[in-house]
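Chains A and B, in that order, give the protein sequences. Take the first sequence: its position 29, counted from the start at 1, is 29 in UniProt numbering, and no numbers get skipped. Take the second sequence: its position 107, counted from the start at 1, is 107 in UniProt numbering, and no numbers get skipped. Built from N, CA and C at the ideal position, the CB exists for glycine as well. Here the structure is laid out as structure tokens; the discussion comes afterwards.
There are 2 protein chains.
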Amino acid sequence: MSLEAAPSESAHRERIEQRILNAAEQVFSQHGYRGASLQSIADQAVLPKANILYYMGSKQELYIRLLNRMMRRWNAVLEDITPASDPGRVLSEFIRTKMVLGQRYPEGSKLFAAEILAGAPFLNEYLAVELREWVDSRAAIIRQWSAQGKMDDVDPRWLIFLIWSATQHYTEYSTQVTRVIGKDELDDKDLASITQFLEHVILKGCGVASQSVPSLEKTADL
Amino acid sequence: MSLEAAPSESAHRERIEQRILNAAEQVFSQHGYRGASLQSIADQAVLPKANILYYMGSKQELYIRLLNRMMRRWNAVLEDITPASDPGRVLSEFIRTKMVLGQRYPEGSKLFAAEILAGAPFLNEYLAVELREWVDSRAAIIRQWSAQGKMDDVDPRWLIFLIWSATQHYTEYSTQVTRVIGKDELDDKDLASITQFLEHVILKGCGVASQSVPSLEKTADL
DNA sequence: AATTGTTCTGACCGAACGGTCAGCATTGTT
DNA sequence: AACAATGCTGACCGTTCGGTCAGAACAATT
Numbered sequence: 001m002s003l004e005a006a007p008s009e010s011a012h013r014e015r016i017e018q019r020i021l022n023a024a025e026q027v028f029s030q031h032g033y034r035g036a037s038l039q040s041i042a043d044q045a046v047l048p049k050a051n052i053l054y055y056m057g058s059k060q061e062l063y064i065r066l067l068n069r070m071m072r073r074w075n076a077v078l079e080d081i082t083p084a085s086d087p088g089r090v091l092s093e094f095i096r097t098k099m100v101l102g103q104r105y106p107e108g109s110k111l112f113a114a115e116i117l118a119g120a121p122f123l124n125e126y127l128a129v130e131l132r133e134w135v136d137s138r139a140a141i142i143r144q145w146s147a148q149g150k151m152d153d154v155d156p157r158w159l160i161f162l163i164w165s166a167t168q169h170y171t172e173y174s175t176q177v178t179r180v181i182g183k184d185e186l187d188d189k190d191l192a193s194i195t196q197f198l199e200h201v202i203l204k205g206c207g208v209a210s211q212s213v214p215s216l217e218k219t220a221d222l
Numbered sequence: 001m002s003l004e005a006a007p008s009e010s011a012h013r014e015r016i017e018q019r020i021l022n023a024a025e026q027v028f029s030q031h032g033y034r035g036a037s038l039q040s041i042a043d044q045a046v047l048p049k050a051n052i053l054y055y056m057g058s059k060q061e062l063y064i065r066l067l068n069r070m071m072r073r074w075n076a077v078l079e080d081i082t083p084a085s086d087p088g089r090v091l092s093e094f095i096r097t098k099m100v101l102g103q104r105y106p107e108g109s110k111l112f113a114a115e116i117l118a119g120a121p122f123l124n125e126y127l128a129v130e131l132r133e134w135v136d137s138r139a140a141i142i143r144q145w146s147a148q149g150k151m152d153d154v155d156p157r158w159l160i161f162l163i164w165s166a167t168q169h170y171t172e173y174s175t176q177v178t179r180v181i182g183k184d185e186l187d188d189k190d191l192a193s194i195t196q197f198l199e200h201v202i203l204k205g206c207g208v209a210s211q212s213v214p215s216l217e218k219t220a221d222l
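Okay, here's the thing in structure tokens:
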């Protein structure tokens with residue numbers, strides 16, 4: 001009845017599905033696939049249990065939709081990287097992007113973590129094919145940077161895993177981090193401080209010149 | 001009837017309990033507290049389900065025994081650290097110890113990770129009290145090192161979390177790492193390579209002089 | 001007002017859950 | 001040989017699990 005045909009007919013459905021997906025993401029990320037129950041997801045979404053199955057079909061379909069949604073958010077990271085790129089700029093952007101992604105989708109990150117802990121029964125192929133190609137192609141470029149003398153001769157795969165783990169830590173282990181530093185949650189100041197710390201240590205540790213403020217150096221001279 | 005009274009009477013019991021604990025550690029670490037079933041633990045231990053409850057009392061008691069066992073293994077790390085210690089030596093030892101611990105007790109590490117992901121319902125107090133004191137006391141010493149000019153002025157808590165996350169990654173995310181690098185498991189050569197990489201990047205990144213072989217530097221002189 | 005198609009959900013299903021217990025098997029003591 | 005004490009487990013309990021389904025509720029079209 002409107003100029004746009006498709007979206008208006010499913011506008012209501014779309015809203016409910018998003019509500020279910022968000023609720024499910026929270027429950028699955030906390031308790032994993034087996035530990036999450038449709039009843040607790042329904043409670044979280046304030047909907048009857050049968051309604052969840054009406055929209056999502058089954059527990060497994062719901063879970064896979066969540067994984068796909070999370071993987072899609074990932075695809076934009078480090079797309080335009082070439083041997084001519086500046087390592088410092090690229091690594092900084094990588095660290096910052098991953099910190100932002102973790103903050104924007106904390107439940108999605110935890111969901112991914114729980115899936116890996118369970119042995120990646122649903123993501124096995126994704127890890128072995130798509131993610132592997134992603135890592136391999138970036139690793140090849142980093143190796144060229146090393147060969148060009150732009151940075152130390154480190155194994156690029158370990159470097160990628162280092163950035164991955166260090167950034168991921170603050171979303172997946174937020175419970176641990178906040179308890180240890182005695183806060184309820186990390187504020188923007190903390191996150192900026194963490195990001196700056198990681199950029200400083202990782203770039204300097206790889207022998208990459210940093211373009212950020214060198215305020216962390218023990219010697220201010222050149 | 002022997003010189004040792006207590007241990008002989010419970011030798012059999014001890015063996016069975018260890019068998020159950022090891023089986024339970026595997027199942028809990030994969031699926032979390034809720035996702036683990038006593039039946040699957042019993043299957044893993046090749047024992048009838050009722051036997052598990054005979055020895056452990058309840059699912060919760062079994063889980064808490066596992067957490068305590070894992071926490072006990074942790075207490076030896078970085079005990080003898082003073083402001084006079086050499087930062088390079090201490091940080092290297094920290095990295096190596098954590099890598100070894102993760103390799104020795106991979107299921108225990110994953111168990112811990114799953115507990116944190118679930119919001120640390122059982123470890124809340126441990127994190128907020130004991131672990132916090134552990135981190136605070138080490139952080140105070142690291143700050144003195146920075147003040148003495150022995151290393152860059154970085155936030156010691158972020159440094160501790162960085163080492164924690166980077167080392168933990170290879171045990172907790174072993175599924176992801178092995179799939180991405182196309183192996184079934186990480187061998188000793190990989191682990192040595194990773195350890196050396198982490199020592200290089202983290203020590204150099206914090207402005208700490210390293211005593212290990214400087215083979216990774218892009219310049220071999222000096 | 002009647003018809004049609006979609007949305008929704010209470011009630012129910014068999015299976016699996018954590019936990020209990022009666023009672024058989026095994027061992028150690030006398 | 002008799003007797004406790006402990007080890008052990010099949011059978012069972014009430015509850016919750018993922019999933020099905022008949023039919024009520026609702027909206028849109030005629």
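Query raised in the report: Among the residues of its own chain, which have a CB less than 6 angstroms from the CB of E115/B, if the five just before and after it don't count?
Result: So the qualifying residues of the chain are L123.
Query raised in the report: Does the distance from the CB of G35/A to the CB of Y33/B come in under 9 angstroms?
Result: Yes, the Cβ-Cβ distance between G35/A and Y33/B is below 9 angstroms.
Requested in this report: Count the C-beta pairs between the segment 16–30 of chain B and the segment 180–196 of chain A that are closer than 8 angstroms, then say yes if the count reaches three, no if not.
Outcome: Because the criterion of three Cβ pairs below 8 angstroms is not met, the segment 16–30 of chain B and the segment 180–196 of chain A do not touch.
Query raised in the report: Taking all protein chains shown into account, do 16 or more other C-beta atoms lie within 10 angstroms of the C-beta of Y170/A, making it buried, or fewer, making it exposed?
Result: For Y170/A, the number of other beta carbons within 10 angstroms of its own is at least 16, and it is reported as buried.
Query raised in the report: When the Cβ atoms of the segment 196–207 of chain A are set against those of the segment 157–167 of chain A, are three or more pairs found closer than 8 angstroms?
Result: Touching, yes, given that three or more Cβ pairs across the two stretches are closer than 8 angstroms.
Report task. Provide the residue span of the alpha helix (DSSP H) that contains I142/B, from first to last. Result -> Counting along the chain, the alpha helix (DSSP H) containing I142/B begins and ends at R132 to A147.
**Report entry** Range covered by the alpha helix (DSSP H) that runs through N51/B
**Finding:** Where N51/B is concerned, the enclosing alpha helix (DSSP H) stretches over K49 to M56.
Query - Beta-carbon spacing of I142/A, L198/A below 9 angstroms - result: Their beta carbons are not under 9 angstroms apart, which means I142/A does not touch L198/A by this criterion.
Query raised in the report: Where do the ends of the alpha helix (DSSP H) carrying G119/B lie?
Result: Segment: none, G119/B is in no alpha helix (DSSP H) and carries neither H nor E.
Report task. Count the CB pairs spanning the segment 18–32 of chain B and the segment 64–76 of chain B that are closer than 8 angstroms, and state whether there are at least three. Result -> Flag = yes, the segment 18–32 of chain B and the segment 64–76 of chain B touch.
Query raised in the report: Y54/A to Q44/A, Cα distance in whole Å?
Result: So the two alpha carbons sit approximately 16 angstroms from each other.
**Report entry** chain B contact residues for D155/A, given Cβ-Cβ distances below 7 angstroms
**Finding:** Correct list: S193 and F197.
Report task. Run down chain A in chain order and give the residues with a C-beta less than 9 angstroms from the C-beta of T97/B. Result -> Those within 9 angstroms of T97/B in chain A number zero; the least Cβ separation is about 17 angstroms.
Query raised in the report: Do the segment 71–82 of chain B and the segment 184–193 of chain B touch if we need at least three Cβ pairs shorter than 8 angstroms?
Result: In short, these stretches do not touch, since the Cβ pair count stays below three.
Requested in this report: Assign A76/A to buried or exposed, taking buried as 16 or more other Cβ atoms, counted over all protein chains shown, within 10 Å of its Cβ.
Outcome: Counting Cβ neighbours within 10 Å, A76/A comes out exposed, since fewer than 16 surround it.
**Report entry** Backbone CA spacing between S165/B and S109/A [nearest angstrom]
**Finding:** When rounded, the separation of the alpha-carbon atoms in S165/B and S109/A is 15 angstroms.
Query raised in the report: Which residues in chain A sit within 7 angstroms of F94/B, going by Cβ to Cβ distance?
Result: Listed along chain A, no residue sits closer than 7 angstroms to F94/B by beta-carbon distance, the nearest being about 14 angstroms off.
Query raised in the report: For the segment 117–136 of chain B, which residues have a CB atom closer than 8 angstroms to at least one CB atom of chain A, in sequence order?
Result: Those residues of the segment 117–136 of chain B that come within reach of chain A (Cβ to Cβ, closer than 8 angstroms) are L117, A118, G119, A120, N124, L127, A128, L131, R132 and V135.
Query raised in the report: Are G102/B and Q168/B closer than 9 angstroms when you measure CB to CB?
Result: Cβ atoms of G102/B and Q168/B: closer than 9 angstroms.
Query raised in the report: So, does the CB of residue 233/A fall closer than 9 angstroms to a CB anywhere in chain B?
Result: Residue numbering for chain A in the displayed model covers 1 to 222; residue 233/A lies beyond these limits and cannot be assessed.
Query - Assigned exposure category for Q60/B - 16 Cβ within 10 Å defines buried - result: Exposed: under 16 other Cβ atoms inside 10 Å.
Query raised in the report: In chain order, what residues of the segment 159–176 of chain A put their CB closer than 8 angstroms to some CB of chain B?
Result: Those residues of the segment 159–176 of chain A that come within reach of chain B (Cβ to Cβ, closer than 8 angstroms) are L159, F161, L162, W164, S165, A166, Q168, H169, Y170, E172, Y173, T175 and Q176.
Requested in this report: May I ask you to report which of helix, strand or coil DSSP gives Q64/B?
Outcome: Residue identity differs from the one stated: residue 64/B is Ile in this sequence, not Gln. I64/B falls in the helix class under three-state DSSP.
Report task. Please state whether DSSP places E79/B in a helix, a strand or coil. Result -> Coil, per DSSP.
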